[in-house]
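First comes the structure, then the notes that go with it.
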Amino acid sequence: RKLLTLGEGAQRVSVSVVPLSLPDSASEPVTLVMLGKRQVCEVLSVQGFAHSHGLTAAETRVLAALCRGTPPSAIAAEVGVAISTVRTQIGNIRLKTGAESIRALVQQVAVLPPLMGVLRGVAGAITAGGEMRPRCDA
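Residue numbers (the working numbering): 5 to 142.
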């Protein structure tokens with residue numbers, strides 16, 4: 005067993021390497037390689053979670069920001085709404101998801117299995133305005 009960290013800064017990723025002992029592979033060694041998540045809440049996980057719980061576009065923006073660790077006051081400033089609006093949206097999100105707190109809400113999203121996009125090498129980010137901004141990693 006080995007846990008490796010590759011790259012630096014934003015390109016840093018953890019890799020777990022586990023040798024396996026399978027009955028059918030007696031002649032050739034088999035190794036399981038698992039890549040770690042790059043962020044606590046992946047974009048597609050946030051979107052899938054929001055969709056499955058019937059969140060509005062505005063609520064999805066707030067959820068994505070909370071998952072990035074943005075405090076409600078900063079979310080309000082980013083989106084250009086009153087803090088009371090963001091608090092109402094957080095309350096609605098918690099009601100729809102059954103989360104007892106913001107921490108529990110983020111935890112629900114963080115523990116989701118990683119979702120992969122259809123296009124290889126294409127990722128995206130939810131902007132403060134709630135739009136999906138594609139990003140291609142070169």
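Glycine included, C-beta positions come from ideal geometry on N, C-alpha and C.
A quick note: this is a predicted structure, and the numbers were derived from the prediction, not measured.
Can you check DSSP and say which residues form a bridge with residue i?
i: Lys6; result: Val21
On the DSSP letters alone, give me the boundaries of the beta strand (DSSP E) that residue i sits inside.
i: Thr35; result: 34 to 39
Buried or exposed for residue i, going by 16 or more other Cβ atoms inside 10 Å?
i: Glu104; result: exposed
i: Thr101; result: buried
i: Thr64; result: buried
i: Val90; result: buried
i: Ala54; result: buried
i: Val34; result: exposed
i: Ala80; result: buried
i: Ala14; result: exposed
For residue i versus residue j, is the C-beta spacing smaller than 9 Å?
i: Ala68; j: Val50; result: yes
i: Val22; j: Leu8; result: no
i: Pro118; j: Leu48; result: yes
i: Val66; j: Ile87; result: no
i: Glu46; j: Leu116; result: yes
Using only CA atoms, which one of the options lies nearest to residue i?
i: Arg72; options: Thr35, Val113, Ile97; result: Val113
i: Arg5; options: Gly95, Val17, Leu36; result: Leu36
i: Arg16; options: Leu39, Ser25, Thr74, Val85; result: Leu39
i: Ser56; options: Ile106, Arg107, Ile97, Ala108; result: Ile97
For the alpha helix (DSSP H) that contains residue i, what are its first and last residues?
i: Gly95; result: 87 to 101
i: Glu82; result: 76 to 83
i: Gly52; result: 47 to 56
i: Gln112; result: 106 to 114
i: Leu70; result: 61 to 71
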